[in-house]
Amino acid sequence: MLPLNVMTLPLNVSIERIVEESPLVRTFFFSHSFENMEPGQFVMVWIRGVDEVPMGLSRKNSITVQKVGEATSKLFELKEGDSFGLRGPFGKGFSLPAAGEKVLVIAGGVGAAPLSPYAEAAGDAGADVQTVLGARSAGDLLFEDRFSAVGALDVSTDDGSKGTKGFVTDVLRKLDVSAFDRIAVCGPEIMMVSVFRLLQEKDVLEKAEFSLHRYFKCGIGVCGACCIDPSGLRVCKDGPVFSGVQLLGSELGKYARDASGRRVKI
Amino acid sequence: MLPLNVMTLPLNVSIERIVEESPLVRTFFFSHSFENMEPGQFVMVWIRGVDEVPMGLSRKNSITVQKVGEATSKLFELKEGDSFGLRGPFGKGFSLPAAGEKVLVIAGGVGAAPLSPYAEAAGDAGADVQTVLGARSAGDLLFEDRFSAVGALDVSTDDGSKGTKGFVTDVLRKLDVSAFDRIAVCGPEIMMVSVFRLLQEKDVLEKAEFSLHRYFKCGIGVCGACCIDPSGLRVCKDGPVFSGVQLLGSELGKYARDASGRRVKI
Amino acid sequence: MYTLTGLELKNPTLLAAGVLGTTGASLCRVAREGGAGAVVTKSIGPVPKTGHPNPSMVRLDCGFLNAMGLPNPSYPAFLQELELAKKDAGVPVIASIFGGNPGEFAEVAEGLLPEKPDAFELNVSCPHAEGYGAAVGSNPCLVEAVTAAVKDVVDVPVWVKLTPNVSDITAIGNAAEAGGADAVVAINTVKGMAIDIESGYPVLGNRSGGLSGKAVKPVAVKCVYDLYTALEIPVIGVGGVSSWEDAVEMMMAGAAAVQVGSAVYDRMDVFSEIGAGIEAFLQRKGYSDVKKIIGLAHEMV
Amino acid sequence: MYTLTGLELKNPTLLAAGVLGTTGASLCRVAREGGAGAVVTKSIGPVPKTGHPNPSMVRLDCGFLNAMGLPNPSYPAFLQELELAKKDAGVPVIASIFGGNPGEFAEVAEGLLPEKPDAFELNVSCPHAEGYGAAVGSNPCLVEAVTAAVKDVVDVPVWVKLTPNVSDITAIGNAAEAGGADAVVAINTVKGMAIDIESGYPVLGNRSGGLSGKAVKPVAVKCVYDLYTALEIPVIGVGGVSSWEDAVEMMMAGAAAVQVGSAVYDRMDVFSEIGAGIEAFLQRKGYSDVKKIIGLAHEMV
Ligand SMILES: Cc1cc2nc3c(=O)[nH]c(=O)nc-3n(C[C@H](O)[C@H](O)[C@H](O)COP(=O)(O)OP(=O)(O)OC[C@H]3O[C@@H](n4cnc5c(N)ncnc54)[C@H](O)[C@@H]3O)c2cc1C
Ligand SMILES: Cc1cc2nc3c(=O)[nH]c(=O)nc-3n(C[C@H](O)[C@H](O)[C@H](O)COP(=O)(O)OP(=O)(O)OC[C@H]3O[C@@H](n4cnc5c(N)ncnc54)[C@H](O)[C@@H]3O)c2cc1C
Ligand SMILES: Cc1cc2nc3c(=O)[nH]c(=O)nc-3n(C[C@H](O)[C@H](O)[C@H](O)COP(=O)(O)O)c2cc1C
Ligand SMILES: Cc1cc2nc3c(=O)[nH]c(=O)nc-3n(C[C@H](O)[C@H](O)[C@H](O)COP(=O)(O)O)c2cc1C
Ligand code: FES
Ligand code: FES
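Protein chains in written order, with the working numbering: chain G, 2 to 267; chain Y, 2 to 267; chain P, -5 to 295; chain U, -5 to 295.
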């Protein structure tokens, strides 16, 4: 009997399949399915001998990883059949819509990872899902198929190689955001801040949820490494998904803390 | 919500009522009811600052105690409203009969304490219960009323002040013990040995169960203080109730171990 | 109101060092939303430290293991956090500090003085940071010297946080007292380790770390009990407290107040819950004052 | 077959000292019915001791607390139990012994020699017996002297059982090795205490005692890990082992074999269960020999 959650020592999982999503992004399907995960929740991925890092679940049994540094590079060296450790799922996910609700999903870069299962769950719940997906260029767009399978998809690329040239906000400006019941956002922090400002202007912040990234140490709400100002909310436990209202006047887009706790400008 | 069992730290109970059963025996009704106790199981009674000693449950919410030494004397100083600590119920009780079975209860002295709830439970189960109750003299006979309420009662006293003059074995010899489906025995070890021999002669040991007393330290089957020879069975966990067959060729009636583990003649 | 080394606390529960104590905002949250009577900061040192690689904390069946490695932004960078905590927490804020020698301890304490912490807690007891923590705290001479050095430069109460990883914690407690400590805090985590049997790797990034939570409560109760006998100054109890019953037990062993760390895992408001539980207990049992239960176990013979 | 300081074991699980080890019959039962690879007796001393008043052992949410107080009938009275154990256990029988000084240790060891124990385990680590146990075991010079004194009078393997209640267990381990020990056993219980809050009384008759079971496993794993690095002689791991996974973890930390104490609370046949679990694990992971996992964690970097 496999556990639904792994809240204590890391579970050993093996890599069942690796999918190259783009030059720097791969999806790792692993040998365990978190049947009760909420889209937006994360797992702590233990690359033994290196580090343990948070990753959103891109499916019940997959993470989708962008290679950025030591741990992710080491993960990219692993092959099918290799294994790593997993704890989770942790944190608070995106809130699911009721049937008939209109949901707007706004994903930038690897932010599409936790939003793809959300879009699918929202679709399954009978919501009307529309997605705005942004990336640097056409080859970096993640999960176009999964998003378009559940509803309308608008795409933006920085270089204009596909969809609107520019940022997700350039697409958003053309939409009537007030027509949506829920708005779910995840992406690089600068992208999320632009979206935040836009939604604030349009006065729809209370319908929006944002998934934040901060430096995680414990990942389970005890150490305090990931707390944000001025609320003191823990990104790992009270988040990573926060409502727009919770983030009003927050450090979002201004600074974050590094592993030592020092404030670092975004 | 009160716990059904207290397997960890002692539960604080207060004394609700004290009944003087005989000059040296008192029943203490306490403020907790062990609803799922099996007759024959015991509790560890913690007289704070003094000692913790095993006592059979004479009811779901009472123990019946003979004053013999330090802890029991201190218990006798307590008044209604005072409190002590309780852990349990521990160990294996007497096996209950099916409806229609014939049950013989043989109780000597304070051995009547764990046997009285057994006789009642057997009666409730629809068995045909008969009791042989022995004591030094009429005033020491325990729970005559409880035993006679569920079936026939034969009494013996050492001094002949009531019933047969002599020992329970003198009554037993007059009975056809082979007519019973189950025989439950508890009393001083010399009395139990006499009964054991008699039942062995009559070849009915496999129907008989005996509740043993040995020096208990942990009371939970770990320390090994209460083990009997040659089986190594723990009186506190594998017993205190053993079948006659388990006791064949055992140390019963020969010796017991004291608190240091030294063998002491019975 | 409870008084602890001159500080006024609304209840005798404090946030333990290193738990939710990295930012001023989270200290305020623990005080306001959590109901803590006082809060202790993350341990702050002379230079920025990122700490050990992850996993830095894992939950076990019984308790937690952690090896954070004293991550901290150093005292100059922490001043702004302390400022915020002092401004908004509404309860006393105790600065936990560490260093490798008496001079470093004094430097950090002086460095934080501008933001007026209500007391200092000297961490001489972290079991998993080379040259810091328990390396200092198992040496009575060094503990006395460190305590005296900080006492020299500050005029607020100085508490010394002790490690249980010694043969005789009272010897270290005595050294702290001799150095002028106003209280001791016991205990920091117990040295421990877990290994992932599928891979053979130690689970913590630092290989080993410190045990906290339920598993260590009996160890902490014993340390507090012994320190209460050995010392004149108050003992603050910490280790595995997660309910008012645990807090009462710790106080009966001799704790003047309790700190709560790992139990924030379960709920943030564990502090107000414990505070209310203690009050209700005192009332039910007819104790006129919390002082009646502090050290009570020593009288029950 | 596993070999441990020359003894042949059918599996690497041993009954820990002081648990079901008071009588020869119960030692035989643990070996035969429980499936232990070897059994260690209750610690036997120079004179009869009844031990501490009850409660002498209580179960906690996490683990157990005990303060038996080294009850034992003394070595002359224990000879008949040892005789029975040696005759019928069918596995090696190790005599655990204690004393207040090297002379007493040697006296007890010699006194038990007539019944030919397969090895001696020196208990220099009981945390709750005045003048015995940890009072000896936290002093390296005394540990070396005690070990040497017993080595002098016996020619079977001598193991030394260590206490975790010291700043540095490897210093004591080194002392045992220097004294000629053939193996060390780690760990004895961790000092601990529980208080009944309704009455204020410490729960144990001896007021405080030693923590065992699940709560101490991480502490034991860390001690074994450190001893494996520091010593040449084998380390036998004990503390909180209750499943084959725990045993494998202890072995990866460096244990050549494991002892199981408190877990007999759950079931007598925990030994054969662990033995079978280890075998199945080795097979599943393709390890040719149990030696492949002993100390494995040290290689995983
Ligand atoms: C809730 C959450 C969900 C995430 N989901 C995904 C995802 O689905 N896919 C994905 O590719 N990335 C995701 N990330 C980001 C991912 O954690 C980092 O990319 C990863 O930690 C980088 O590790 P590294 O060793 O390769 O990089 P490093 O060389 O260690 O550092 C590069 C950067 O990665 C970040 N980082 C490193 N360690 C941590 C840590 N312990 N906690 C948080 N950030 C860290 C820091 O910003 C750091 O500057 C998520 C982060 C969070 C907080
Ligand atoms: C399973 C079991 C059930 C029992 N049920 C009852 C009962 O229902 N009513 C009753 O009156 N008595 C019962 N006893 C006996 C009772 O435990 C002793 O009478 C009591 O422990 C005496 O304690 P003390 O301090 O007064 O005597 P002490 O002065 O300590 O010693 C007197 C004698 O009591 C016995 N005793 C003392 N301590 C213990 C101990 N820890 N474990 C076992 N025996 C001990 C010894 O035989 C000792 O020689 C039972 C014993 C056992 C083992
Ligand atoms: C994640 C974590 C970080 C800690 N960091 C520190 C620290 O920086 N300084 C310190 O003195 N103690 C630190 N500790 C120890 C705690 O303050 C406390 O002494 C210990 O955890 C026992 O209490 P608990 O069981 O309530 O957690 C830390 C504990 C944990 C769990
Ligand atoms: C009831 C009990 C009695 C013990 N008696 C002894 C003893 O006599 N000698 C000894 O060396 N260790 C003794 N110990 C310690 C155990 O042998 C073991 O080291 C400790 O309990 C940790 O192992 P565990 O968690 O498997 O119980 C005793 C432990 C218990 C629980
Ligand atoms: S990472 Fe420790 S509280 Fe969030
Ligand atoms: S009294 Fe400890 S095993 Fe029975």
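The beta carbon of each residue, even a glycine, is placed where N, CA and C say it ideally should be. The model shown is predicted, which means the values in this text are computed figures rather than measured ones.
Item, Value
"Three-state class that DSSP yields for VAL179 of chain P in the structure shown", "strand"
"ALA11 of chain P CB to nearest heavy atom of ligand 3 below 8 Å", "yes"
"Chain-ordered neighbours of GLU115 of chain P on chain U, where CB pairs are closer than 7 Å", "Correct list: empty, because the minimum Cβ distance to chain U is about 21 Å."
"Validate contact between the region 252 to 260 of chain G and the region 207 to 224 of chain G using beta carbons, cut 8 Å, 3 pairs", "yes"
"Chain-ordered chain G contacts of THR223 of chain P [CB-CB under 8 Å]", "Per Cβ cutoff of 8 Å: no residues; THR223 of chain P is ~32 Å from chain G at best."
"Residue nearest to VAL106 of chain G in terms of C-alpha spacing, selected from G:LYS93, G:ALA100 and G:ASP129", "G:ASP129"
"Any non-hydrogen atom of ligand 5 closer than 8 Å to LEU14 of chain P Cβ", "yes"
"beta-carbon PHE275 of chain P near ligand 4 non-hydrogen atom, thresh 8 Å", "no"
"Reduced DSSP category for CYS217 of chain U - H, G, I as helix; E, B as strand; rest coil", "helix"
"Cβ neighbour criterion (16 or more within 10 Å) applied to SER193 of chain P", "buried"
"Any non-hydrogen atom of ligand 6 within 8 Å of ARG88 of chain G CB", "no"
"Cβ-Cβ distance between VAL223 of chain Y and PHE58 of chain U below 9 Å", "yes"
"Three or more C-beta pairs below 8 Å linking the region 14 to 29 of chain U and the region 171 to 179 of chain U", "no"
"Contacts that MET51 of chain P makes with chain U (C-beta to C-beta distance below 8 Å)", "Going along chain U, no residue has its Cβ under 8 Å from MET51 of chain P, so there is no contact; the nearest lies around 13 Å."
"8 Å Cβ cut-off: residues of chain A touching SER37 of chain U", "The structure shown contains no chain A; the protein chains it does contain are G, Y, P and U."
"Closer than 8 Å: CYS224 of chain G CB and nearest ligand 1 heavy atom", "no"
"Buried versus exposed call for ILE272 of chain P [16 or more other C-beta atoms within 10 Å across all chains shown]", "buried"
"Contact between the region 112 to 124 of chain Y and the region 28 to 48 of chain Y (3+ Cβ pairs under 8 Å)", "yes"
"Reduced DSSP category for ARG215 of chain Y - H, G, I as helix; E, B as strand; rest coil", "coil"
"Three-state class that DSSP yields for ILE227 of chain P in the structure shown", "coil"
"Unbroken stretches of the alpha helix (DSSP H), 4 residues or longer, contained in the region 146 to 196 of chain G", "169 to 173"
"Spatial distance of ALA260 of chain Y from ILE16 of chain G (CA atoms)", "58 Å"
"For TRP69 of chain G, three-class secondary structure by DSSP", "Correcting the residue type first, residue 69 of chain G is Val in the shown sequence and not Trp. Coil at VAL69 of chain G, not helix or strand."
"Near-chain G residues of the region 252 to 271 of chain P - C-beta to any C-beta below 7 Å", "SER256, VAL258 and TYR259"
"Helix, strand or coil at LEU249 of chain Y according to DSSP, with G and I counted as helix", "coil"
"VAL147 of chain P (DSSP reduced to helix, strand or coil)", "helix"
"Environment of THR(-1) of chain P [buried if 16+ CB atoms lie within 10 Å]", "buried"
"Which residues DSSP lists as bridging GLN131 of chain G, in chain order", "G:LEU105 and G:ALA153"
"Proximal residues, the region 192 to 205 of chain U versus chain Y, C-beta separation under 8 Å", "GLU192, SER193, TYR195, VAL197 and GLY199"
"Unbroken beta strand (DSSP E) run spanning LYS81 of chain U, endpoints", "Here LYS81 of chain U belongs to no beta strand (DSSP E); instead the alpha helix (DSSP H) covers 68 to 82."
"Interface flag, LYS218 of chain Y vs chain U, CB-CB below 9 Å", "yes"
"Interface partners of SER309 of chain P on chain G, CB under 7 Å", "The displayed coordinates of chain P run from -5 to 295. Any statement about residue 309 of chain P would go beyond what the structure contains."
"is_contact[CYS56 of chain U, chain P] using C-beta, thresh 9 Å", "yes"
"beta-carbon ARG235 of chain G near ligand 5 non-hydrogen atom, thresh 8 Å", "yes"
"Near ligand 2: GLU53 of chain Y beta-carbon under 8 Å from a heavy atom", "yes"
"Beta carbon of ILE38 of chain U nearer than 9 Å to that of ILE88 of chain U", "no"
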